[in-house]
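Residue numbers (the working numbering): 11 to 339. Glycine is no exception: its CB is placed at the ideal position from the N, C-alpha and C atoms.
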């Protein structure tokens, strides 16, 4: 009996900027995309609550190896908070636990926002996907169990007011570091103001440097798929045009090119000599010379490049095989 793991779907590699709709979990959205693309491997990069909408990068195929770099990136949000109401989940999907009159000026709110800008510590919500003993916190919360959560350092680069409506809805913009819970920011702000607050709308507008105009909805993808099938067109010919290249995740890293023979060494897990004007422990993106083909990322250390995450696409595997049989100069 074969020990090889069976794979289903096709080898499609790239990053889709999904514009997630409200009322659906990030995992359900991921499964929709995976099915539409008939991809054998897929993963999302930073969950959005069912209430939330906006940019959810989906990594397909070999791009999943680099998803951590998007998880670690900055994010931007447009958020609307309802002042005067506090819920157990810090959003309008939860149960109301407090209700207060609101008598605030924009100046008072602006002053309170100062406490949440810059480098701060945040205690994650019990209604989060953080795990304790292998189980998400929200599962404990639903069972009425509260787990002690240590505060975590985050950075809020911008937390600004867009509008305060007559119905005490506060529209704001947030630009923050990885690990920031916007629901918790809003809940903490409500506590600071003394009236309570919860999120009623949340839209993620940016992840890293990805452009919002490249986003596409699951409905749009479904329609394109159905249209292709109806017209006898192979769906991938249109669907794959929405994918961004894998190296778009790490475009901020210094670039280095290598020969075909060096590619073989890297793919075998060996370090290669490469003198560069870089500090130790800097991550670099690696390309095959002449082809400008992205091979993966490595760590620069003492004049060497150590392979860390490499792309094993059909093309690169074939090139590696050709390097084995090719004579060295």
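With 16 as the cutoff for other CB atoms within 10 Å, does residue i come out buried or exposed?
i: residue 109; result: exposed
i: residue 24; result: buried
i: residue 145; result: exposed
i: residue 72; result: buried
i: residue 239; result: exposed
i: residue 279; result: exposed
i: residue 38; result: exposed
i: residue 171; result: exposed
i: residue 331; result: exposed
i: residue 244; result: exposed
i: residue 64; result: buried
i: residue 99; result: buried
i: residue 59; result: buried
Assuming residue i and residue j make a contact with CB atoms under 8 Å, what is their CB distance in whole Å?
i: residue 186; j: residue 84; result: 7 Å
i: residue 62; j: residue 207; result: Going by Cβ atoms, the distance from residue 62 to residue 207 rounds to 16 Å, so no, they are not a contact pair.
i: residue 226; j: residue 28; result: 7 Å
i: residue 151; j: residue 137; result: 5 Å
i: residue 281; j: residue 314; result: 5 Å
i: residue 49; j: residue 36; result: Not a contact, Cβ separation roughly 16 Å.
i: residue 86; j: residue 184; result: 7 Å
i: residue 252; j: residue 93; result: Contact flag wrong, Cβ pair sits at about 39 Å.
Just how far apart, CA to CA, sit residue i and residue j?
i: residue 242; j: residue 232; result: 15 Å
i: residue 14; j: residue 70; result: Reliability fails at residue 14, whose pLDDT of 46 lies under 50, so the model's placement of it is uncertain and the value that follows must be treated cautiously. Whole-angstrom Cα-Cα distance: 21 Å.
i: residue 343; j: residue 158; result: Any property of residue 343 remains undetermined from this structure, which presents the chain solely from 11 to 339.
i: residue 79; j: residue 328; result: 27 Å
i: residue 19; j: residue 54; result: 18 Å
i: residue 228; j: residue 75; result: 23 Å
i: residue 236; j: residue 128; result: 47 Å
i: residue 320; j: residue 167; result: 32 Å
i: residue 254; j: residue 174; result: 37 Å
i: residue 125; j: residue 139; result: 25 Å
i: residue 214; j: residue 30; result: 9 Å
i: residue 115; j: residue 41; result: 45 Å
i: residue 339; j: residue 269; result: Low local confidence applies: a pLDDT of 48 at residue 339 is under 50, so the model's placement there is unreliable, with the coordinate-based value given in what follows. So the two alpha carbons sit approximately 11 Å from each other.
i: residue 169; j: residue 131; result: 15 Å
i: residue 107; j: residue 101; result: 11 Å
i: residue 289; j: residue 309; result: 10 Å
i: residue 260; j: residue 295; result: 7 Å
i: residue 12; j: residue 274; result: Summary for residue 12: the model assigns pLDDT 40, below 50, so the residue's position carries little reliability, and this model does not support an answer.
i: residue 121; j: residue 89; result: 18 Å
i: residue 224; j: residue 285; result: 37 Å
i: residue 249; j: residue 262; result: 27 Å
i: residue 311; j: residue 287; result: 11 Å
Check each candidate in the options and name the one with the smallest Cα separation from residue i.
i: residue 191; options: 112, 171, 201 and 212; result: 212
i: residue 301; options: 188, 224, 326 and 312; result: 326
i: residue 177; options: 95, 51 and 272; result: 95
i: residue 21; options: 306, 179, 252 and 246; result: 246
i: residue 133; options: 195, 106 and 332; result: 195
i: residue 256; options: 165, 305, 315 and 172; result: 305
i: residue 104; options: 82, 135 and 77; result: 135
i: residue 119; options: 50, 199 and 151; result: 199
i: residue 32; options: 66, 180 and 26; result: 66
i: residue 264; options: 297, 274 and 181; result: 297
i: residue 216; options: 203, 188, 311 and 197; result: 188
i: residue 355; options: 153, 165 and 197; result: Residue 355 is absent from the structure shown; the chain starts at 11 and stops at 339.
i: residue 272; options: 316, 311 and 234; result: 316
Report yes if the C-beta of residue i is less than 7 Å from at least one heavy atom of the ligand NAD; otherwise report no.
i: residue 110; result: In terms of ligand content, the structure shown is empty, and the ligand NAD therefore cannot be addressed.
Are the C-beta atoms of residue i and some chain B residue less than 8 Å apart?
i: residue 67; result: Chain labels in this structure do not include chain B; a single protein chain is all it has.
Could I get the ranges of all uninterrupted beta strand (DSSP E) runs contained in the segment 245-320, with 3 residues as the minimum, in chain order? Counting only runs of 3 or more, we get 265-268, 292-298, 303-311 and 314-320.
Kindly provide the ranges of any beta strand (DSSP E) runs that are 3 or more residues long and lie completely inside the segment 14-79, ordered along the chain. List check, beta strand (DSSP E) in window: 24-30, 52-54 and 63-70.
Hey, which unbroken runs of the alpha helix (DSSP H) at 4 residues or more fall wholly within the segment 143-214? Listed in chain order, they are 147-152 and 192-203.
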